[in-house]
Amino acid sequence: MLAAVALVLGVAAVKLLPVRYVRIEGELRKVEPAALQAALEPLLEAGYLRVDINAVDAAVRNLPWVGDVTVTRLWPETLVVRISEMTPYARCEDGSLISEKGVRFRAAETEETARLPLIHGPEGHEKPMLAMLKTMNAKLAPLGRRIAVLHLSNRHAWTVKLEDGLVVAMGRQDALAAFDRFLTLATLLGAERLQAVQRVDLRYPNGCAVSMKPKAELKLGGLDAGANESWQGVDPMKKSKA
């Protein structure tokens, strides 16, 4: 009899301890409050003591734009949910986004995400591609340029397209070293003459091939390269010293 009474009192105590407040912490700009409320409400009916913290964590984490989640109880009637949003750095061809930490996630497209650089490569290579994208953008910053598209082929050959349309092919061997050679060439040409370049192919050990935009002309070290010409296998930096 005493055991039965204790059980009844225990159940009653649970019912007398509902979750009256949910405190959301974190700077939320993209997570929809209505979606957050809809995800939490069914789980809170269990009461303060019985609410499944792991289930709350999973429900919140499944919402668009949600990154890290921490859920804790605050006695006697509050649940604290701390949320950090994903910060997108790049987008993929399938419409998904890549966060600054290299995590792929899905969210509705916005004007902001439509302007993000596009990365295209084998599945599972998001983190190394993101690292490459960040490094190259940092190197381009002094030139006032940014990458629009970063492509990694199935054979692991790297190619980038800048926001102004210039394509830089780096191949498979030491892509960053090849990119540094492009930066040297870009500095040598200057911003105005670089605008005439359509493509730079750096898949040569000691040189590059420069293709010009239609009707464009490049003058470097006394040598002219017309729209349909390029320097193949020749180092333009050495050529300028001749």
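Note that full-length UniProt numbering gives residue 88 to position 88 of the sequence shown, counting from 1, and the numbers run on in steps of one.
All residues carry an ideal CB built from backbone N, CA and C; glycine is no exception.
Beta-bridge pairing of residue i - partner residues as DSSP gives them
i: Ser99; result: Pro88
i: Phe105; result: Leu97
i: Glu25; result: Arg82
i: Lys161; result: Val149, Val167
i: His125; result: DSSP output for His125 lists no bridge partner at all.
i: Arg172; result: Arg172 pairs with nothing; no bridge assigned.
i: Leu118; result: Arg91, Val149
i: Met136; result: Answer is none; Met136 lacks a bridge partner.
Best match in the options for proximity to residue i [C-alpha to C-alpha]
i: Tyr89; options: Val71, Leu202, Gly95, Leu130; result: Leu130
i: Thr110; options: Ser153, Met170, Pro64, Gly165; result: Pro64
i: Ala39; options: Ala58, Asp68, Leu152; result: Ala58
i: Ile200; options: Ala177, Pro214, Val160; result: Contrary to the premise, residue 200 reads as Val rather than Ile in this sequence. Looking at the Cα atoms, Val160 is the closest of the given residues.
i: Gly95; options: Arg193, Val71, Phe105; result: Phe105
i: Tyr21; options: Leu28, Thr70, Asp68, Leu74; result: Leu74
Close beta carbons around residue i, own chain, < 8 Å, minus the five adjacent residues each side
i: Val19; result: Leu44, Gly47, Tyr48, Val51, Glu77, Thr78, Leu79
i: Arg172; result: Arg155, His156, Ala157, Trp158
i: Val31; result: Leu63, Pro64, Trp65, Val66, Ile83, Glu85
i: Asp180; result: Lys139
i: Ala175; result: Met132, Trp158
CB contact flag (residue i, residue j, <7 Å)
i: residue 246; j: Leu140; result: The displayed coordinates of the chain run from 1 to 242. Any statement about residue 246 would go beyond what the structure contains.
i: Leu202; j: Ala178; result: yes
Contact set for residue i: own chain, Cβ-Cβ below 7 Å, skip 5 residues either direction
i: Asn137; result: Arg146, Ile147
Spatial neighbours of residue i in its chain, beta-carbon cut-off 6 Å, leaving aside the 5 residues before and after
i: Val168; result: Val160, Phe182, Val200
i: Glu25; result: Arg82
For residue j and residue i, believed in contact at Cβ under 8 Å, the rounded distance
i: Met212; j: Ala186; result: At roughly 15 Å, the Cβ-Cβ gap does not stay under 8 Å, so Met212 and Ala186 are not in contact.
i: Val60; j: Leu36; result: 7 Å
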